[in-house]
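S.K.: Have a look at this one before I ask anything.
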Amino acid sequence: MNFVECHEEPIHIPGYIQSFGYLIGIDSVSHSITFFSRNIVDLFKIENLDELFDKKLTDFPESFPDIIKSDIYTSLERFTKRENEAYFDKIFIGEKEYHFSVFRSGSYIFLEFEEVIVNHDKRISNKYDNFYVIDTEHEIWNHLLEALSKVVNYDRMMVYKFMMDGSGKVIAEKKNENMESFLGLHYPESDIPKQARELYLKKRKRIFSNVHTETVPIISKTKENIDLSFSASRGMSPVHRQYLINSGVSSSFSVSIIIDNHLWGLVTCQNVEPKHVDLEDRVQAGIFTALAANAYSSFKSKNELNYRLELNDKLSQLKTKFLKHNNLFDSLIESKAEIRNFPEAEGLAIVYDGNIVSDGAVPASDVINRIVHWGLENTTDRIYVNRSFLKNHGEELNLPESAAGIIIYFIERDKNEMLIWFRKEFDEHINWAGNPEKTIGVFTQNGEDKQMVSPRTSFRIFTENIKGHSKRWNSRNVSAVQAIRDLILETSHKNYNAIKRLNDELKKVNEELDSFSYTISHDLGTPLTVMKLNAQMLLGNLTDNSEKSKTKINTIIEEIDNMAEMMHDVLQLSRAKHSEIQLESLKTGTTIHKISENAKITYGSPKSEIVIKECPDVMADKTLLHQVFLNIINNAVKYSSHKDQPRVEIKGSEDGQTIIYRISDNGIGIPEEEKHKMFKIFNRMDNAKKFKGNGVGLSIVHRIMKRIGGNVDYESNKDGTSFILTFKKPYI
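Going by UniProt numbering, the first residue of the sequence shown is number 1, and it counts up by one from there.
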C-alpha cells in the first residue's frame with residue numbers, strides 16, 4: 001500500500017464528479033465524444049453508453065436535441081477559443097431548466113450541466129458598491145460576509161487568510177448563533193496543501209454540496225485520468241470529505257481571494273445540512289469577493305503610499321545628517337537610534353574595522369562577533385532576514401534571547417562591514433483549530449487504497465507555545481532596511497565623488513608644489529651660490545678686522561647654507577613621493593656604518609659612541625633606504641651631541657615576516673604634548689630650536705616608509721628617543 005503525502009494527493013484527477021453535475025467531454029478538434037459521467041443517462045435518453053464513444057453529439061439528435069440547438073453549441077469554436085475560459089447559458093432539457101457551461105482545457109472541450117435552483121431567499125444588497133468607502137481591513141471583510149450571507153447564507157462563513165508558511169488564520173466570521181466560533185483560530189498548512197492552493201488559484205469557486213452522497217464516476221475511452229481542475233462539479237478528495245464530516249458539516253463552498261495574482265486567502269462557507277448553491281449565486285459570490293479583494297488592495301496601496309511618504313520624510317532627515325560627515329560610519333554612529341527604529345528593531349550593531357557600536361538591546365560583543373562570522377560564512381544575500389535565528393542557531397552560537405530575530409545588511413563583506421538589527425524572543429501562543437499533529441489513515445481513490453494523512457477528528461482549540469522566535473519581520477521592516485541600504489549607497493557614491501574631486505584638486509596642487517620644489521632648487525640655487533661667494537670674498541677682503549664685522553658676514557654665510565639645505569630637503573621630499581622605486585633585498589651594514597661615521601663629523605661630535613649590532617637584510621629601494629637611515633641616524637647623533645656621553649644604538653631583528661630596526665639615542669627626547677605633529681613638514685619641537693635643522697627630514701622618512709610598504713614609529717621620554725623602522729622581510 002502506497003503512502004501519499006498531503007501535497008502529493010492528485011486532487012485534480014479524482015476520476016469522478018459530484019452528483020449535482022453532469023459532464024460530457026469531447027475532442028477539441030473532431031468534437032467526438034471522449035468521456036462522460038455515468039449519470040448522463042438520468043438526463044438524456046441514451047440506450048447504450050458505449051455507443052457514444054468516437055461519435056459526435058449531432059449523431060444522436062434524439063438524445064441531445066436541446067444541446068445541439070443551443071447557442072453555445074452552435075458557436076462552439078468561438079466560445080472555446082481561449083483555454084480554460086467558461087461560458088454559461090441556460091437550456092431546457094425535457095421540462096427542467098439547466099445551467100449549461102462550456103470551456104476548453106487541454107485537448108478536450110468540457111460540457112457541464114447542473115439543474116437551475118431558484119433561490120427565493122436571495123436578497124441582493126444595495127451596499128455592494130460600498131467596499132471602496134470602507135477604510136479598515138476588518139470592515140472590508142465583515143462587509144463582504146454580510147453581502148454574501150444575502151446570496152448563499154451558510155451556517156458559518158469565514159474569511160481565511162494564508163500565512164507565509166502556507167498555514168492560515170480566520171480573520172473574519174459570520175455565523176448562526178448555534179455554531180461554534182472559529183474566529184482567530186489557526187489551521188496548519190496540511191489542511192490546504194500546496195496543490196490545493198494551486199487549484200484555488202486556477203478555479204476560484206468550489207462547492208461540495210453534500211459530503212454524504214455517492215460520487216459519479218467518469219467513463220472514458222482514454223487510459224489517462226481526466227484533468228478536472230476547471231470543472232465546477234469536480235469530485236472532492238476523500239481526505240477533504242472526511243475532514244468536513246469530522247468538523248460536523250455536510251456542505252462547503254469557497255471563493256478564492258486573489259490579490260496581485262496571488263492566493264491571499266479564501267471565503268470559506270460551511271453548512272451543517274447538505275446545501276447546493278445555484279451557479280448564478282456562486283458567480284455572484286465570486287463578483288462580491290473580487291470587489292472586496294480590489295477594495296482591500298486599494299486600501300493596502302493607500303496605506304503603503306502613506307507609509308512610503310513617511311519613510312521618505314525620515315530618510316530625507318537622515319540623509320541630511322549623513323552628508324554632514326565625510327566618513328560613512330561617523331554618519332551611522334551619529335544616527336544609530338534612528339537607524340535602529342527604521343525596521344522597528346529593539347537593538348542595532350554597527351560593525352566596521354574590527355569595532356562594534358551598538359544601540360538598544362543587543363547581545364554581548366563576543367556573541368555579535370560569532371554572528372558576524374556565521375553570516376559571512378553561511379549567507380550570500382546582501383540582506384539576510386530571520387525571525388527564528390535563536391531557534392535555528394541558538395545552541396550552535398550560544399545566543400541570548402536578545403538575538404531571537406535578526407536582519408543583517410552586509411555593507412562590504414570583504415571588510416566585515418555590516419549592520420545587524422535585533423529583536424528579542426517573543427513568547428508566542430497560537431490557537432489551532434484542533435491538534436495540528438498528523439495521523440495516518442487509509443483512503444480509497446480511483447479504486448485504490450492509499451495511506452494518507454488523516455484529518456483530525458477534533459477541532460477543539462489547541463494552544464501551542466512557540467519558543468525561539470521574535471516577532472515577525474514584515475514587508476515594511478524589510479523595505480525600511482532596503483531604504484537604509486539605498487541611502488548608504490547614495491551617500492557613499494556622493495562621498496566618493498567628493499573625495500575624487502578633492503583628490504583631483506590635491507593632485508593638481510601637489511604637481512604645482514613639485515614644480516615649485518624643482519624651481520626653487522634650480523632657479524634659486526645659482527643666486528644663493530653667488531651670494532655665498534660674494535660674502536666669502538667680502539670676508540677675505542675685509543679691511544675692518546673687528547670681530548663684529550666678521551660675525552655678521554659669517555652669519556650671512558650660515559643663513560645662506562641653511563637656505564640651501566632647506567631647498568635640498570624640499571627637493572628630496574618631493575622625490576620621496578614621486579620617484580620610481582624598485583624593491584629588492586638590500587644589505588644595510590655598510591650603509592649604516594658609513595652614515596654613522598659621517599654624522600659624527602657633520603655634527604662635530606667625535607666623542608659620540610655609536611653601537612651597531614645586528615643588521616639583517618631588508619626589502620627596500622636602494623636610494624630611498626639611504627635617505628631613511630641618513631635622516632634617522634643624523635637626528636640621533638645631532639640631538640644627543642650636547643650630552644656629556646652621547647650614545648646611539650642601532651639594532652635590527654626579525655619579527656615574523658618583517659624586519660625591525662631600532663635606532664635609540666640618549667638625546668633631548670620629544671615632549672608628550674608635541675608628539676601629534678611629529679611627522680609634519682617644517683615642524684620643529686620647541687626643545688630642538690637650538691639645533692640646526694628645518695623640520696623636513698622626518699616627513700621624508702615617513703613618506704618613504706609608506707611607499708616601500710613599511711612603517712616608522714617612535715618611543716620617547718626625557719632620557720632619549722627610539723625610532724622604530726619596520727621593513728618587509730626579503731624573500732628567501
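Yeah, the Cβ is synthetic: ideal placement off N, Cα and C, and Gly gets one too.
#1: Let me know the secondary structure DSSP gives ASP665 once reduced to three states.
#2: Give the single residue among VAL362, SER402, ALA364 and ARG647 whose Cα lies nearest to the Cα of ASP719.
#3: Distance check for LYS169 and residue 803, CA to CA, integer angstroms please.
#4: Is GLU112 buried or exposed, if buried means 16 or more other CB atoms sit within 10 Å of its CB?
#5: Given that a residue counts as buried once 16 or more other Cβ atoms are within 10 Å of its Cβ, and exposed if not, what is HIS702?
#6: Determine the contact status of VAL267 and VAL255, defining contact as a CB-CB distance below 8 angstroms.
#7: Please report the residue range of the beta strand (DSSP E) in which VAL357 lies.
#8: Between which two residues does the beta strand (DSSP E) harbouring LEU419 extend?
#9: Given the structure, does TYR73 come close to the ligand SAH, in the sense that its CB is under 7 angstroms from one of the ligand's heavy atoms?
#10: Could you give the residue range of the beta strand (DSSP E) that holds TRP264?
#11: Flag this pair as yes or no: are the beta carbons of VAL351 and PHE422 separated by less than 8 angstroms?
#12: Taking C-beta to C-beta, are SER101 and ALA86 nearer than 8 angstroms?
#13: Which value, in whole angstroms, describes the spacing of the CA atoms of ASP353 and ALA599?
#14: Quick one: any contact between the region 32 to 43 and the region 210 to 223, if contact means 3 or more CB pairs under 8 angstroms?
#15: Can you find the residues in the same chain that come closer than 8 angstroms, C-beta to C-beta, to LEU52, ignoring five residues on each side of it along the sequence?
#16: Can ASP155 and ASN176 be called in contact, C-beta distance under 8 angstroms?
#17: Buried or exposed: LEU538, going by 16 or more other Cβ atoms within 10 Å of its Cβ?
#18: Since ILE650 and ILE663 should fall inside the 8 angstroms C-beta cutoff, what is the C-beta to C-beta distance between them, to a whole number of angstroms?
#19: Quick one: is VAL133 buried, meaning 16 or more other Cβ sit within 10 Å of its Cβ, or exposed?
#20: Can you check whether the CB of SER247 is closer than 8 angstroms to the CB of CYS269?
#21: Identify the residues that DSSP records as bridge partners of PHE426: which are they?
#22: Assuming SER63 and PHE44 form a contact by the criterion Cβ under 8 angstroms, report the distance between their Cβ atoms to the nearest whole angstrom.
#23: Decide if the region 401 to 411 is in contact with the region 334 to 348; the criterion is three or more beta carbon pairs, one per stretch, under 8 angstroms apart.
#24: Cα-Cα, which of ILE24, LEU244, ASP486 and ILE11 is closest to SER316?
#25: Compute the distance between the beta-carbons of ILE371 and ALA403, then report whether it is under 8 angstroms.
#26: Distance, Cα to Cα, SER332 vs ALA620?
#27: Taking the continuous beta strand (DSSP E) assigned at GLY405, which residues delimit it?
#28: Below 6 angstroms CB to CB, which residues in the same chain sit around ILE466 once its five sequence neighbours on both sides are set aside?
#29: I believe HIS186 touches SER167 by the beta-carbon criterion, under 8 angstroms. Please report the beta-carbon distance rounded to the nearest angstrom.
#30: What are the start and end residues of the beta strand (DSSP E) that includes PHE113?
#31: If we ignore side chains and look at the alpha-carbon of each, how far apart do ILE13 and LEU376 end up?
#32: Tell me whether LEU348 sits in a helix, a strand or coil according to DSSP, three-state version.
#33: Return the chain-ordered list of same chain residues with a C-beta closer than 7 angstroms to the C-beta of ALA196, the five sequence neighbours on each side being excluded.
#34: Put TRP432 into one of helix, strand or coil per three-state DSSP.
#35: Spatial neighbours of LYS729 within its chain, please: CB distance less than 6 angstroms, with the 5 preceding and 5 following residues excluded, ordered by chain position.
#36: Name the DSSP beta bridge partners of HIS186, please?
M.R.: This is what the structure gives:
#1: Taking the first residue of the sequence shown as position 1, residue 665 is located at position 665. If DSSP states are grouped into helix, strand and coil, ASP665 belongs with the strands.
#2: If you number the sequence shown from 1, residue 719 lands on position 719. Checked all of VAL362, SER402, ALA364 and ARG647; the closest Cα to ASP719 is ARG647.
#3: Because the chain in this structure spans residues 1 to 732, residue 803 falls outside the shown range and cannot be described.
#4: Start at 1 with the first residue of the sequence shown, and residue 112 comes out as number 112. Taking all protein chains in view, the Cβ of GLU112 is crowded by 16 or more other Cβ atoms within 10 Å, so the residue is classified as buried.
#5: Position 702 of the sequence shown holds residue 702. HIS702 comes out buried.
#6: One-based indexing of the sequence shown puts residue 267 at position 267. One-based indexing of the sequence shown puts residue 255 at position 255. For VAL267 and VAL255, yes; Cβs fall inside 8 angstroms.
#7: For this step, residue 357 is matched to residue 357 along the sequence shown. Its beta strand (DSSP E) spans residues 355 to 360.
#8: As a working note, residue 419 is residue 419 in the sequence shown. For LEU419, the enclosing beta strand (DSSP E) stretches over residues 417 to 423.
#9: The ligand SAH is not among the ligands present in this structure, which contains no ligands whatsoever.
#10: Here residue 264 corresponds to residue number 264 of the sequence shown, with the count starting at 1. Note, TRP264: beta strand (DSSP E), 262 to 271.
#11: Working through the sequence shown from its first residue, we reach residue 351 at position 351. Working through the sequence shown from its first residue, we reach residue 422 at position 422. The answer is no: Cβ separation not under 8 angstroms.
#12: For this step, residue 101 is matched to residue 101 along the sequence shown. For this step, residue 86 is matched to residue 86 along the sequence shown. For SER101 and ALA86, yes; Cβs fall inside 8 angstroms.
#13: Mapped onto the sequence shown, residue 353 falls at position 353. Mapped onto the sequence shown, residue 599 falls at position 599. If you take the alpha carbons of ASP353 and ALA599, they lie about 43 angstroms apart.
#14: yes
#15: Walking along the sequence shown from the start, residue 52 turns up at place 52. Same-chain partners within the cutoff: ILE33, PHE36, ILE46 and PHE60.
#16: As a first step, residue 155 must be located in the sequence shown, where it is residue number 155. As a first step, residue 176 must be located in the sequence shown, where it is residue number 176. For ASP155 and ASN176, yes; Cβs fall inside 8 angstroms.
#17: Indexing the sequence shown from 1 puts residue 538 at position 538. Counting Cβ neighbours within 10 Å, LEU538 comes out exposed, since fewer than 16 surround it.
#18: Start at 1 with the first residue of the sequence shown, and residue 650 comes out as number 650. Start at 1 with the first residue of the sequence shown, and residue 663 comes out as number 663. Contact flag correct, Cβ pair sits at about 5 angstroms.
#19: Translated into positions along the sequence shown, residue 133 becomes position 133. Exposed.
#20: Counting from one through the sequence shown, the residue named residue 269 turns up at place 269. Counting from one through the sequence shown, the residue named residue 247 turns up at place 247. Against a cut-off of 8 angstroms, the Cβ pair of SER247 and CYS269 comes out as no contact.
#21: Against the sequence shown, residue 426 aligns to sequence position 426. In the DSSP output, where bridge partners are listed per residue, PHE426 has none listed.
#22: The count along the sequence shown starts at 1 and reaches residue 63 at position 63. The count along the sequence shown starts at 1 and reaches residue 44 at position 44. About 5 angstroms; that satisfies the 8 angstroms criterion.
#23: yes
#24: Residue numbering aside, residue 316 sits at position 316 when the sequence shown is read from its first letter. Among ILE24, LEU244, ASP486 and ILE11, the Cα nearest to that of SER316 belongs to ASP486.
#25: Here the question's residue 371 lines up with position 371 in the sequence shown. Here the question's residue 403 lines up with position 403 in the sequence shown. Contact flag set, yes.
#26: Mapped onto the sequence shown, residue 332 falls at position 332. Mapped onto the sequence shown, residue 620 falls at position 620. Here residue 332 is Leu; the residue named in the question, Ser, does not match the sequence. Looking at the two C-alpha atoms, the distance is approximately 40 angstroms.
#27: Taking the sequence shown and counting its residues from 1, the one referred to as residue 405 is at position 405. Its beta strand (DSSP E) spans residues 405 to 412.
#28: Here residue 466 refers to the residue found at position 466 when the sequence shown is read from its first residue. Excluding residues within five positions, the ones whose Cβ falls inside 6 angstroms are GLU428.
#29: On the sequence shown, residue 186 is found 186 positions in, with the first residue counted as 1. On the sequence shown, residue 167 is found 167 positions in, with the first residue counted as 1. A Cβ-Cβ separation of about 6 angstroms places HIS186 in contact with SER167 under the 8 angstroms criterion.
#30: The residue you call residue 113 lines up with position 113 of the sequence shown. Unbroken beta strand (DSSP E) run through PHE113: 108 to 115.
#31: Position 13 of the sequence shown, counted from the first residue, corresponds to residue 13. Position 376 of the sequence shown, counted from the first residue, corresponds to residue 376. Cα-Cα distance, rounded: 47 angstroms.
#32: Position 348 of the sequence shown holds residue 348. In the structure shown, LEU348 sits in a strand (DSSP, three-state: E or B).
#33: Locating residue 196 in the sequence shown gives position 196, counting from the first residue. Closer than 7 angstroms at the Cβ level, and outside the excluded window around ALA196, lie ILE11.
#34: To locate residue 432, count along the sequence shown from 1; it is residue 432. If DSSP states are grouped into helix, strand and coil, TRP432 belongs with the strands.
#35: Sequence index remark: in the sequence shown, residue 729 carries index 729 (1-based). So the qualifying residues of the chain are GLN657, THR658 and ILE659.
#36: For the purposes of this step, residue 186 is taken as the residue at position 186 of the sequence shown. The partner list for HIS186 (beta bridge, DSSP) reads LYS169 and TRP432.
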